[in-house]
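With numbering that gives the first Met the number 0 as the guide, the letters of the sequence shown map in order to residues 0 to 119.
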Amino acid sequence: MTVVFPEETKVARAVRRFCLDCQGAAPSLVRECAEEACPLHPWRLPDAAPLHEVHGRVLRAVRRHCLICAGDRKEARSCDAKDSCSLWEYRFGVHPVTYKRVSIRVRAPKELFLPGFGKE
């Protein structure tokens with residue numbers, strides 16, 4: 000039995016939209032795409048997408064694509080293609096909700112510990 004995670008199908012649909020944009024909105028060109036070096040190539044067709052292999056692989060492929068497109072991590076992080084790229088919200092290689100949760104935890108105020116002062 001194949002387990003397909005709902006969030007993975009959202010990412011796969013975003014990849015499909017991106018591939019359609021890349022190929023001029025022609026589904027036949029997406030189907031015939033020969034660019035096997037593209038990290039998104041295995042996920043270009045939603046029905047044939049290997050989502051069941053490993054949860055999160057499509058997100059890693061999106062991350063690799065964004066790094067190639069932007070050039071480096073800093074540029075991928077500051078990417079301003081929010082309105083024009085269907086992959087923008089997945090550019091960190093994690094789901095947007097996960098990214099928000101982690102960034103809130105990292106940026107939260109932390110308890111200051113000074114030796115000699117505080118809890119003993």
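By construction, the Cβ of each residue, glycine as well, lies at the ideal position given by its N, Cα and C atoms. Fair warning: this is a prediction, and the values are worked out from it, not measured in the lab.
Check your understanding: Are the beta-carbon atoms of Trp42 and Ala75 separated by less than 8 Å?
Key -> Translated into positions along the sequence shown, residue 42 becomes position 43. Translated into positions along the sequence shown, residue 75 becomes position 76. Result no, Cβ atoms of Trp42 and Ala75 do not sit closer than 8 Å.
Point to revise | Assigned secondary structure, Leu39 (DSSP; H/G/I helix, E/B strand, else coil) | key: In the sequence shown, counting from the first residue as 1, residue 39 sits at position 40. In the structure shown, Leu39 falls within a coil segment according to DSSP collapsed to helix, strand and coil.
Exercise for review: Leaving aside the five residues before and after His64 along the sequence, list all residues of the same chain whose C-beta is less than 6 Å from its C-beta, in chain order.
Suggested key: Within the sequence shown, residue 64 is the residue found at index 65, counting from 1. Around His64: Pro38 and Leu39.
Review point. Between the C-alpha atoms of Glu35 and Val29, what's the straight-line distance to the nearest angstrom?
Key: By one-based count along the sequence shown, residue 35 stands at place 36. By one-based count along the sequence shown, residue 29 stands at place 30. Their backbone Cα atoms lie some 12 Å apart in a straight line.
Point to revise | Rounded C-alpha distance that separates Ala60 from Gly115 | key: Here the question's residue 60 lines up with position 61 in the sequence shown. Here the question's residue 115 lines up with position 116 in the sequence shown. Straight-line spacing of the CA atoms in Ala60 and Gly115 works out to 49 Å.
Check your understanding: Sorted by chain position, which residues of the same chain lie with C-beta nearer than 6 Å to Leu86's C-beta, five sequence neighbours on each side aside?
Key -> Locating residue 86 in the sequence shown gives position 87, where the first residue counts as 1. If we look at Leu86 and ignore the five residues flanking it on each side, its Cβ neighbours are Ala13, Phe17 and Val61.
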